[in-house]
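For reference, the structure discussed in these notes is given below.
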Amino acid sequence: MDKINVGIIGLGTVGTGTAKVIIENADVISNKLGCELVVKRAADMDLDRDRGLDFGEGVLTNDANAVITDPDISIIVELIGGTTIAKDFVTEALRNGKHVVTANKALLSIHGREIFALAREKGLTVGFEAAVGGGIPCLKALKEGLSANRIESIYGIINGTANYILTKMTEEGGDFDEVLADASARGYAEADPSNDVDGNDTVHKLALLMDIAYGTVVDLDDIYMEGIRNINPIDIDFAHGFGYVIKLLAVTKLNGDEVEARVHPTMIPGNHPLASVDGVYNAVFINGDVVGSTMYYGHGAGMMATASAVVADVVDIARDIHAKAPNRITPFGWVDSALKDIKIASMDELELPYYLRFLVVDKPGVLSTISGLLGENNISISSVVQPEREEGTLVPLVIVTHTAREKELRSAVSQIEELEVVSGETVILRIEEQLGGTE
2 MDKINVGIIG LGTVGTGTAK VIIENADVIS NKLGCELVVK RAADMDLDRD
52 RGLDFGEGVL TNDANAVITD PDISIIVELI GGTTIAKDFV TEALRNGKHV
102 VTANKALLSI HGREIFALAR EKGLTVGFEA AVGGGIPCLK ALKEGLSANR
152 IESIYGIING TANYILTKMT EEGGDFDEVL ADASARGYAE ADPSNDVDGN
202 DTVHKLALLM DIAYGTVVDL DDIYMEGIRN INPIDIDFAH GFGYVIKLLA
252 VTKLNGDEVE ARVHPTMIPG NHPLASVDGV YNAVFINGDV VGSTMYYGHG
302 AGMMATASAV VADVVDIARD IHAKAPNRIT PFGWVDSALK DIKIASMDEL
352 ELPYYLRFLV VDKPGVLSTI SGLLGENNIS ISSVVQPERE EGTLVPLVIV
402 THTAREKELR SAVSQIEELE VVSGETVILR IEEQLGGTE
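Plus 1 on top of the position in the sequence shown (first one is 1) and you've got the numbering used here.
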């Protein structure tokens, strides 16, 4: 039987899982591929750690360049992470005529233009299924399964750490810092959780989803971002009372010749499929003009889930090599001549219902003053909740608006916060009502 050789750079959690899948599921893979897939070389700085695998004589090395330049290796798997050395390894692999598979969403969302251009020049493939959603084959579904569709919108819960924190706050109470500490203790949050809880990781993944959905390369700076640090248990409780749950949502929508691109905490209907995506699970909900609504759900991280996606890319590339049809599908699933820049819609023009929580002095006339300022800015009120307290004390005043324009909403809130009867910063949450999938 013919064989195709693979080189792995980085034998951490996912790298070890990838080697484990290729070695232990060799029979399954060869029966589907029609040839043998072999880990010929694997590079890591730590060669002494017991990974529970028999790599065989001469496979392990601490020299990544020895893997990249090995003439018998056709596919390089980069799993070291980061955007510096990883970029050097990926570009060098492409220059040496190797196809590349990576789970590195930061690398591709920041340096994708350069990397994909080099791959096109060399007639090579860059696989990156594991970069979004871990083991969920959402990119393959978007690129291939939905290729007949114009993608109208995508909603993603694509960061397990943030979703775990919001789930725990929803189910058990506790403030953000307390639940974050619990997530760290369980290994669900990094020592520095900023990328997860502030939204950066989700932005990187949304950019890749948009690249495939719209045939473009999105500039990260064009994606609006808010994290979850300011989510308060009281807002989760009020959301529940209105029939919503709060999720850190990645959102893109096609609006004519421009698209929305945003990541922020969002209130979504409690009966929507995304509302039941809890803990460290991920989901991507896609609306196509032909197929309607589809959702892809599963483990968004972890050794074997992510390795499943990595090896799936390796197998896809190996199939093309075996069939002598390399680069059969372009990285984004669009022909090169169709790739284009796309205009990102201004957040000022966003139109949604909003949840507002003010901290106000409990006395007559406050509600009418605030609603008057909202009305002057073309914002109408759908619901109001104001718990009764002793007159003169500070109480939360919660208002849910009808659909409003973000620019006008921000203007109204700015004016309201100048009132003497209003204390502190207003909590503003966007509400997504029309996600599809609740019919």
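We put the CB at the ideal spot given by N, CA and C, even for glycine.
Presumed contact (8 Å Cβ cut-off) between residue i and residue j, rounded CB distance
i	j	result
Gly-161	Ala-302	5 Å
Leu-250	Ile-269	7 Å
Ala-214	Thr-267	Actually they do not touch by this definition, with Cβ atoms about 19 Å apart.
Asn-150	Gly-257	Contact flag wrong, Cβ pair sits at about 17 Å.
Gly-11	Glu-79	7 Å
Thr-217	Ile-159	So it is not a contact: roughly 19 Å between Cβ atoms.
Asp-236	Leu-430	7 Å
Ala-20	Ile-9	6 Å
Cross-strand partners of residue i (DSSP beta bridge)
i	result
Lys-248	Thr-267
Glu-37	Lys-4
Gly-128	Val-102
Val-15	Partner(s): none; Val-15 has no beta bridge.
Leu-360	Pro-397, Ser-424
Ser-384	Val-401
Asn-256	Glu-259
Asn-283	Gly-299
Arg-406	Glu-352
Arg-431	Thr-267, Tyr-355
Ile-10	Ala-44, Glu-79
For residue i, three-class secondary structure by DSSP
i	result
Pro-1	Residue coverage of the chain in this structure runs from 2 to 440, which leaves residue 1 outside it and unanswerable.
Arg-230	coil
Asn-32	helix
Ile-371	helix
Lys-341	coil
Leu-351	coil
Leu-436	coil
Ile-137	coil
Val-336	coil
Pro-365	coil
Val-278	coil
Ala-451	Summary: the structure shown does not reach residue 451, with the chain confined to residues 2 through 440, and so no result is reported for it.
Glu-115	helix
Glu-419	coil
Glu-389	coil
Ala-346	coil
(message) Under 8 Å, with one C-beta from each stretch per pair, do the stretch 301–309 and the stretch 168–182 reach the 3-pair mark?
(response) no
(message) Threshold first: 4 residues or longer. Then list the alpha helix (DSSP H) segments lying entirely within the stretch 285–325, N to C.
(response) 304–323
(message) What ranges does the alpha helix (DSSP H) occupy inside the stretch 147–181, keeping only unbroken runs of at least 4 residues that lie completely in it?
(response) 161–173
(request) Pair every Cβ in the stretch 352–368 with every Cβ in the stretch 398–411, then say whether three or more of these pairs are closer than 8 Å. (result) yes
(request) Tell me the start and end of each unbroken beta strand (DSSP E) in the stretch 187–242 that is at least 3 residues and wholly inside, in chain order. (result) none
(request) Count the C-beta pairs between the stretch 308–320 and the stretch 128–144 that are closer than 8 Å, then say yes if the count reaches three, no if not. (result) yes
(request) Pick out the complete alpha helix (DSSP H) segments inside the stretch 38–111, 4 residues or longer, and give them in chain order. (result) 65–69, 86–96
(request) Mind the definition here: the stretch 37–49 touches the stretch 62–77 only if three or more C-beta pairs lie below 8 Å; say whether that holds. (result) yes
(request) Spell out a yes or no on whether the stretch 206–220 and the stretch 333–352 are touching, meaning 3 or more CB-CB pairs, one atom from each, closer than 8 Å. (result) yes
(request) Check whether the stretch 80–92 touches the stretch 313–328, counting contact only when three or more Cβ pairs, one atom from each stretch, lie closer than 8 Å. (result) no
(message) Between the stretch 237–248 and the stretch 275–285, can you find at least three pairs of beta-carbon atoms closer than 8 Å?
(response) yes
(message) Would the stretch 29–43 count as touching the stretch 107–121 if we require 3 or more Cβ pairs under 8 Å?
(response) no
(request) Report yes or no: do three or more beta-carbon pairs, one from the stretch 138–148 and one from the stretch 110–125, lie closer than 8 Å? (result) no
(message) Can you confirm whether the stretch 346–357 touches the stretch 403–418 when touching is taken to mean that 3 or more C-beta pairs between the two stretches lie within less than 8 Å?
(response) yes
(message) Counting beta carbon pairs with one atom in the stretch 221–230 and one in the stretch 192–199, are three or more of them shorter than 8 Å?
(response) yes
(message) Quick test of the definition: if touching needs 3 or more C-beta pairs under 8 Å, does the stretch 96–106 touch the stretch 20–38?
(response) no
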